[in-house]
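Quick notes on the structure that follows.
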Amino acid sequence: MTIQTTDTPRSQLGASGGKGGLAWVRRLKEYLGLVLVLLGMVVFFGYASKYFLSMKTFSTIANQIPALTVMAVGMTYVMIVGGIDLSVGSVLALCGGVLSLAMVDWQLGFVPAAALALAVGFLCGMVNGLITVTWSVPSFIVTLGMLEVARGSAYLATDSRTKYIGGAVSFINDPIIGGVSPAFLLAIFIVAAGQLVLSYTVFGRHMVGIGTNEEAMRLAGIRTRPTKTAVFALLGLLAAVAAAFQVSRLEAADPNAAAGMELQVIAAVVIGG
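Under the numbering used here, the residues of the sequence shown are numbered 1 to 273, in order.
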């Protein structure tokens, strides 16, 4: 009995390896235009103003973007599973109002007040997710309703006025290392953690699978509803974190805060890919 073996041509092996090796090049090309535009803007403004390329400018920008950044992480998850959340700006305003109500009117410390605000944000996101997946209502409609409910509740929590809290919350936004704030460092940590969850966990693979083919995930025996509900709840929680950042920067809670910010968050996710 003889065993026949077939040698794989080296050219085929090389082509296969080349395809894998060039995958990162193709992916880079997807973002090359955006990177070039960004670099072009940096060069232009750096040439136009001697103050642009400075640590002061960097620290100013770094201390203004944490709220947008953390909500973009949650919005990324929601959009991956095929949803959208229009209520994040209003939920931010509501959580800021709850934080100020707890600290100013109820005389609670920052930690219990922040915990209450986080719970409110989580609850808002959970309601969005449950209604969306239980009754198969489009998330656009559900979150549009939550936008109005949360904004109205923010006015109730603040008595329809800006509620000053003072320096009790400013430590979150006080510059520390290199002029950047703890809020910025926490935002960077959340972005890194979000990427790790998406790339290396079962939860992340479930999100991608749902966004790619939800019916196939169901047929494979994977429950999609808990995952979809969880991403909405997580976005609500991150909106509450963003509220703490916002209130810390302003040292006050404004019921009109983050009006229209949901569009900025969505744009950040879409442009970021």
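Glycine included, each C-beta is placed from N, C-alpha and C at the ideal position.
Item: Enumerate, from N- to C-terminal direction, the unbroken alpha helix (DSSP H) stretches of 4 or more residues contained entirely within the region 163-224.; Value: 182-200, 202-219
Item: Taking the alpha carbon of ALA93 as the reference point, which residue from ALA268, LEU250, PRO182 has its own alpha carbon closest?; Value: LEU250
Item: Measuring only the C-alpha atoms, how far is ASP105 from PRO112?; Value: 13 Å
Item: On a Cα-Cα basis, can you pick out the residue from ILE141, PRO175, CYS124 that is closest to ARG151?; Value: CYS124
Item: Report yes or no: do the region 33-40 and the region 231-241 share at least 3 C-beta pairs separated by less than 8 Å?; Value: no
Item: Does the Cβ of GLY194 have 16 or more other Cβ atoms within 10 Å, making it buried, or fewer, making it exposed?; Value: buried
Item: May I have the straight-line CA-CA distance separating GLY273 from GLY145, to the nearest angstrom?; Value: 27 Å
Item: What did DSSP end up calling ALA257 once you bin it into helix, strand or coil?; Value: coil
Item: Tell me whether LYS163 is buried or exposed, calling it buried when 16 or more other Cβ atoms sit within 10 Å of its Cβ.; Value: buried
Item: Can you give me the Cβ contacts of ALA102 inside the same chain, cut-off strictly under 6 Å, excluding the 5 residues immediately before and after it?; Value: LEU108, ALA113, LEU116
Item: Taking the alpha-carbon positions, what's the MET207 to GLU148 distance?; Value: 28 Å
Item: Measuring only the C-alpha atoms, how far is GLN330 from PHE45?; Value: Because the chain spans 1 through 273 in this model, residue 330 falls outside it and cannot be assessed.
Item: Leaving out five residues before and five after ALA257 in sequence, what residues of the same chain have Cβ atoms less than 7 Å from its Cβ?; Value: LEU92, ALA93, GLY96, GLN246
Item: Note down the Cα distance separating ALA154 from SER100, rounded to an integer number of angstroms.; Value: 10 Å
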